[in-house]
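*Asks:* Per the working numbering, the sequence shown starts with residue -2, numbered consecutively.
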Amino acid sequence: MISIRLSSVRIRNLALVEDLSWSPGDGFTVVTGETGSGKSIIVGALKLLVGERADKSLIRSGEDSCTVEGRFEVQEPQILDAQLAEMGVEPCEDGQLLIKRVLTAAGTNRQFINGTATTLAVLKGVGDGLVDLHGPHDHQSILSVDLQRALLDSFAGAGAKLEKYRVIYHRRLEVENALSALHGDDEAFERECALLLFQANEIEAAGLKQGEEEDLLSRYSVATQGKRILELCRQALQKLADDEDAALGAVNGIARTLREIERLDPAAASLTAAHVRAVTELEELASELQRYSEGLELDQEHLQRLEERVNLIESLKRKYGNSVESIIAHGESAAERYRKLHSRSEERARLQAELAAIGVDLEREGKALRSLREKGAAPLAKGIMGHLKDLGFKRAEFGVHLEPLPAPGPNGSDSIEFIFAPNLGEPAKPLRAIASSGETSRVMLAVKSALAEQDTIPLLVFDEIDANVGGEIAHAVGEKMRALGASRQVLCISHLPQVASKAGTHLVVSKEDSGGRTISVLKVVQGRERESEIARMLGGKSQSALELAKTLLS
-2 MISIRLSSVR
8 IRNLALVEDL
18 SWSPGDGFTV
28 VTGETGSGKS
38 IIVGALKLLV
48 GERADKSLIR
58 SGEDSCTVEG
68 RFEVQEPQIL
78 DAQLAEMGVE
88 PCEDGQLLIK
98 RVLTAAGTNR
108 QFINGTATTL
118 AVLKGVGDGL
128 VDLHGPHDHQ
138 SILSVDLQRA
148 LLDSFAGAGA
158 KLEKYRVIYH
168 RRLEVENALS
178 ALHGDDEAFE
188 RECALLLFQA
198 NEIEAAGLKQ
208 GEEEDLLSRY
218 SVATQGKRIL
228 ELCRQALQKL
238 ADDEDAALGA
248 VNGIARTLRE
258 IERLDPAAAS
268 LTAAHVRAVT
278 ELEELASELQ
288 RYSEGLELDQ
298 EHLQRLEERV
308 NLIESLKRKY
318 GNSVESIIAH
328 GESAAERYRK
338 LHSRSEERAR
348 LQAELAAIGV
358 DLEREGKALR
368 SLREKGAAPL
378 AKGIMGHLKD
388 LGFKRAEFGV
398 HLEPLPAPGP
408 NGSDSIEFIF
418 APNLGEPAKP
428 LRAIASSGET
438 SRVMLAVKSA
448 LAEQDTIPLL
458 VFDEIDANVG
468 GEIAHAVGEK
478 MRALGASRQV
488 LCISHLPQVA
498 SKAGTHLVVS
508 KEDSGGRTIS
518 VLKVVQGRER
528 ESEIARMLGG
538 KSQSALELAK
548 TLLS
C-alpha cells in the first residue's frame, strides 16, 4: 500500500474563488458554510485534480483561465514512481507528488503531473488511486457490480488469486485469437495445400537443371533431322572419295604433273609440298565426315525420349514460367509455402492442445477464487450490516450474493452483487434496484467503514452524503467518518452539526465582498468561532444554541 496524504491545495479563479490556498489536516476534516457560499467548489477543485471532466463555465467571470494545484506527500515514492514511469511521467521529487490542472476560456485544457504535461486519461488513472469522491451522485458507484466484486475481493484477500486467474484468462484469449487467425476457410486451406504439394512434387519430379533447355533443344533438332544429315554426309563422302571423279582422286592425279614441274625447276618444290598438304586436309575431312555420320543416332526410342523431355518442359513452362529457371523458382516457392501451411496445421494442433490445458487451469483457479470469495462474503455482509444498524437500518438485511457465470469471465467464474432489503418484510434485491439516494449514501459509508483496513485510497471525500438524515443517525454518520479518519484523510462537506462536531479540523466557507466583487474564502475555525458555527448550523446563535454546540463539541 502506498502511503499518501494531501498536504495543500491552491485554487485560482474557479467560480467564486479568486485565490484560495488551504492545507487539509490529517484525520476527519469537515467543511461547512451557508448555502451558496461555495462549499461545493472545494469538491469541484478536487475533482479537477483527479481528472474529472470540466468545462469553461467553471472559470471565474472575467478571467481567461482557472487553475487548481495539489501537493501530495508520498512515503515510499519509489512504488508510485514505477507507476508514473509506465505512464511517461517524471518521478516524485523529495517525496512530493505535484498535480496541476488549467482550464482556459478558449477551451484549451492542460494537466501536469510533476511538471510533465500529460493527458486527462493519465491524470484520471493516477487520481483514481488518490481520492475517492462520494457526492449526491458519486456515491452511485457503490451500485456498480464491478466495484462490489472488487470490494469483496479486497475484503477476502483474493487480489493475488484474481491476478493469477487473469493471467491464465488472458493467455486463453491470446490462444483463441491465434487459433482464429489460423482457421480461416478450412476447405480453401486444404485445397491450397493440395495444389502447392502437387506443384512442388511435379516440378521436383521433372528433375530440371539450370541451362538444360538450350542443350536439349539442340540435341532434339539434330535427332529429328538425322536421316537428312546422314544422307548429306554420304553425298559429301562420295564427292570427296568414292565417286570415279571424286575430289581426292582428282587431286592425287595432279601429283605427277607437279613433280615434273619440280624436276624442271627445283624452285617449284613448294608447289609439291602444298599439294601434299591439300591431299592430307581432304583425307582428314573425309575421315571426320565418316566419324560424324557414324555418330548420328537414328534410334527412334532415343528420339521419342528427347521429344517427351521437350514436351514436358514446354508443359511446365505454360504452367509455371517462360524458362526452366522460372519453373525451378516456382517449385521452390511452392514447396516453401506448403511447408509454412503444413507447419500452420501443426501450430493449430499445438494451440488446440494448449487451449485444452488452459481450460483445466482456468477452471481450477476459478474454483479457488470462488472459494476465497465464498469465505469472505458472509463476514463482509455481517460487517456491513453492523455498520448499517449503527446508521439507522435496524431491521434491514444485507448480503453478498455469488452466482456462477455461464462461462468464465475476466474476473472469475462468478457474478457478485450486493443485495439489500432496507425494511422488514421486504425481499432482498440487488442494491441497484431498490436503494434510494439517501439509503445508498449510508450504505456507501457502511461499506467504507467495514473495509477501512482493506481500502487503499488515502483521501475520502463525502459531499453532503449525510442529506436526509438527522438525530441519532447524524451522530452515527459523524462517528463513522471520525473512525475512518483514524487511518486516512476524510473530507466531508456537511450541513449537519452532529457530523461537523465530530471532525478533528473544521473549515468554514463564506462569501465576502472584495473590490466590488463577491469571493469565497475558507477559514479554519477553533474554540469560540467553531462553537458559533455549530450554533449557526443548529438554527441560530442564541445562548441555548451555543450551549448545545458546546455539548456537541465536548
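Note that CB positions come from ideal geometry on N, CA and C, so glycine has one too.
Keep in mind it's a predicted model, so treat the numbers as computed, not measured.
Determine the extent of the beta strand (DSSP E) in which Gly510 is found, giving its start and end residues.
*Replies:* Locating residue 510 in the sequence shown gives position 513, where the first residue counts as 1. Position check: residue 510 holds Asp in this sequence, whereas Gly was assumed. That run of the beta strand (DSSP E) goes 502 to 511.
*Asks:* Please state the DSSP three-state secondary structure of Gly537.
*Replies:* The residue given as residue 537 occupies position 540 in the sequence shown. The answer is coil: DSSP assigns Gly537 none of H, G, I, E or B.
*Asks:* Is it the case that the stretch 211 to 227 contacts the stretch 383 to 390, given that we only count it when at least three CB pairs across the two stretches are under 8 Å?
*Replies:* Flag = no, the stretch 383 to 390 and the stretch 211 to 227 do not touch.
*Asks:* So Lys379 is in the alpha helix (DSSP H); what residue range does that whole segment cover?
*Replies:* Within the sequence shown, residue 379 is the residue found at index 382, counting from 1. Lys379 -> alpha helix (DSSP H) spans 321 to 387.
*Asks:* In three-state DSSP terms, what is Asn308?
*Replies:* Taking the sequence shown and counting its residues from 1, the one referred to as residue 308 is at position 311. Looking at Asn308 - three-state DSSP - the assignment turns out to be helix.
*Asks:* Kindly indicate which three-state DSSP category Ser0 falls into: helix, strand or coil?
*Replies:* For the purposes of this step, residue 0 is taken as the residue at position 3 of the sequence shown. Three-state DSSP puts Ser0 in coil, outside helix and strand.
*Asks:* Is Ile490 helix, strand or coil when you go by DSSP?
*Replies:* Within the sequence shown, residue 490 is the residue found at index 493, counting from 1. Note: Ile490 maps to strand in three-state DSSP.
*Asks:* With 16 as the cutoff for other CB atoms within 10 Å, does Val496 come out buried or exposed?
*Replies:* Residue numbering aside, residue 496 sits at position 499 when the sequence shown is read from its first letter. Classification for Val496: buried.
*Asks:* Rounded to the nearest angstrom, what separates Asn408 and Leu159 at their Cα positions?
*Replies:* Position 411 of the sequence shown, counted from the start, is the residue given in the question as residue 408. Position 162 of the sequence shown, counted from the start, is the residue given in the question as residue 159. Whole-angstrom Cα-Cα distance: 7 Å.
*Asks:* For His136, which of helix, strand or coil comes out of DSSP?
*Replies:* Taking the first residue of the sequence shown as position 1, residue 136 is located at position 139. Low local confidence applies: a pLDDT of 47 at His136 is under 50, so the model's placement there is unreliable, with the coordinate-based value given in what follows. In this structure, His136 counts as helix in the three-state DSSP scheme.
*Asks:* Have a look at Leu543 and Leu140 and give me their C-alpha separation to the nearest angstrom.
*Replies:* One-based indexing of the sequence shown puts residue 543 at position 546. One-based indexing of the sequence shown puts residue 140 at position 143. Computed Cα separation, rounded: 40 Å.
*Asks:* Output needed for Ala447: all residues of its chain with C-beta closer than 7 Å, excluding positions within five of it in sequence on either side, in chain order.
*Replies:* As a first step, residue 447 is located in the sequence shown; it is residue number 450 there, counting from the start. Hits under 7 Å: Leu377, Gly380, Ile381, His384.
*Asks:* In chain order, which alpha helix (DSSP H) runs of at least 4 residues are fully inside the stretch 387 to 433?
*Replies:* Runs found: 428 to 431.
*Asks:* For Glu60, collect the residues of the same chain with a Cβ closer than 8 Å to its Cβ; drop the 5 residues on either side in sequence, then sort them by chain order.
*Replies:* Position 63 of the sequence shown holds residue 60. Excluding sequence neighbours, Glu60 sits near Asn10, Ala102.
*Asks:* Taking the straight line between their C-alpha atoms, what separation do you get for Ala266 and Glu259?
*Replies:* Here the question's residue 266 lines up with position 269 in the sequence shown. Here the question's residue 259 lines up with position 262 in the sequence shown. Cα to Cα, Ala266 sits roughly 5 Å from Glu259.
*Asks:* Apart from the five residues on each side of it in sequence, which residues of its chain come closer than 8 Å, Cβ to Cβ, to Gly104?
*Replies:* Here residue 104 is taken as the residue at index 107 of the sequence shown, counted from 1. Same-chain partners within the cutoff: Lys53.
*Asks:* If you run the structure through DSSP and keep just helix, strand and coil, what is Val496?
*Replies:* Position 499 of the sequence shown, counting from 1, holds the residue named residue 496. In the structure shown, Val496 sits in a helix (DSSP, three-state: H, G or I).
*Asks:* Looking only at its own chain, which residues have a Cβ that is under 7 Å from the Cβ of Ile531, when we skip the five neighbours before and after it?
*Replies:* Residue numbering aside, residue 531 sits at position 534 when the sequence shown is read from its first letter. Closer than 7 Å at the Cβ level, and outside the excluded window around Ile531, lie Pro494, Ala497, Ser498, Ala546, Leu549, Leu550.
*Asks:* Just the Cα atoms here: how many angstroms apart are Arg525 and Arg485?
*Replies:* As a working note, residue 525 is residue 528 in the sequence shown. As a working note, residue 485 is residue 488 in the sequence shown. Rounded to whole angstroms, Arg525 to Arg485 spans 27 Å at the Cα level.
*Asks:* So, does the stretch 340 to 347 touch the stretch 113 to 130, judging by three or more C-beta pairs under 8 Å?
*Replies:* Short answer: they don't touch.
*Asks:* Name, in chain order, the residues that DSSP records as bridge partners for Thr64.
*Replies:* Translated into the one-based positions of the sequence shown, residue 64 becomes position 67. Arg9, Val99.
*Asks:* Can you check whether the CB of Val518 is closer than 8 Å to the CB of Ser507?
*Replies:* Here the question's residue 507 lines up with position 510 in the sequence shown. Here the question's residue 518 lines up with position 521 in the sequence shown. A contact, by the Cβ cut-off of 8 Å.
*Asks:* Please report how far the alpha carbon of His136 lies from the alpha carbon of Arg392, in whole angstroms.
*Replies:* Position 139 of the sequence shown, counting from 1, holds the residue named residue 136. Position 395 of the sequence shown, counting from 1, holds the residue named residue 392. Below a pLDDT of 50, predicted positions are generally treated as unreliable, and His136, at 47, falls in that range; no measurement from the model is reported.
*Asks:* How about Leu309 and Ala175: are their beta carbons less than 8 Å apart?
*Replies:* One-based indexing of the sequence shown puts residue 309 at position 312. One-based indexing of the sequence shown puts residue 175 at position 178. No, the pair does not count as a contact, with Cβ atoms beyond the cut-off.
*Asks:* Could you give the uninterrupted runs of the alpha helix (DSSP H) lying entirely in the stretch 229 to 289, keeping only those of 4 residues or more?
*Replies:* Counting whole runs of 4 or more residues, the stretch 229 to 289 contains the alpha helix (DSSP H) stretches 244 to 261.
*Asks:* Apart from the five residues on each side of it in sequence, which residues of its chain come closer than 7 Å, Cβ to Cβ, to Pro405?
*Replies:* As a first step, residue 405 is located in the sequence shown; it is residue number 408 there, counting from the start. Cβ neighbours of Pro405 beyond the five flanking positions: Tyr166, Leu359, Gly363.
*Asks:* Between the Cα of Val172 and those of Ser290, Glu414, Leu46, Ala346, spot the shortest distance and give me the residue it belongs to.
*Replies:* To locate residue 172, count along the sequence shown from 1; it is residue 175. Of the candidates Ser290, Glu414, Leu46, Ala346, the one whose C-alpha sits nearest the C-alpha of Val172 is Ala346.
*Asks:* Would you grab the beta carbon distance between Ala283 and Leu237 for me? Rounded to a whole angstrom, and I think it's under 8 Å.
*Replies:* As a first step, residue 283 must be located in the sequence shown, where it is residue number 286. As a first step, residue 237 must be located in the sequence shown, where it is residue number 240. Confirmed, about 5 Å.
*Asks:* Within 10 angstroms of the Cβ of Thr553, are there 16 or more other Cβ atoms? Answer buried if so, exposed if not.
*Replies:* Nothing in the structure corresponds to residue 553, since the chain is present only between -2 and 551.
*Asks:* Determine the closest residue to Val505 out of Leu17, Leu3, Ala12, with distance taken between C-alpha atoms.
*Replies:* Here residue 505 refers to the residue found at position 508 when the sequence shown is read from its first residue. Of the listed residues, the one whose Cα sits closest to Val505 is Leu17.
*Asks:* Is it true that the CB of Ala500 sits closer than 8 Å to the CB of Thr26?
*Replies:* As a working note, residue 26 is residue 29 in the sequence shown. As a working note, residue 500 is residue 503 in the sequence shown. Yes, they are a contact pair.
*Asks:* Is the Cβ-Cβ distance between Ala326 and Leu193 less than 8 Å?
*Replies:* For the purposes of this step, residue 326 is identified with residue 329 of the sequence shown, where counting begins at 1. For the purposes of this step, residue 193 is identified with residue 196 of the sequence shown, where counting begins at 1. No, these two residues do not count as a Cβ contact at 8 Å.
*Asks:* Between which two residues does the beta strand (DSSP E) carrying Ile110 extend?
*Replies:* Start at 1 with the first residue of the sequence shown, and residue 110 comes out as number 113. Here the beta strand (DSSP E) through Ile110 covers 106 to 110.
*Asks:* Restricting to Cα atoms, I'd like to know which of Leu77, Leu348, Tyr317 is closest to Gly92.
*Replies:* Locating residue 92 in the sequence shown gives position 95, where the first residue counts as 1. When each option's Cα is compared against that of Gly92, the closest is Leu77.
*Asks:* What would DSSP say about Gly126, mapped onto helix, strand or coil?
*Replies:* Here residue 126 refers to the residue found at position 129 of the sequence shown. In the structure shown, Gly126 sits in coil (DSSP, three-state: anything other than H, G, I, E or B).
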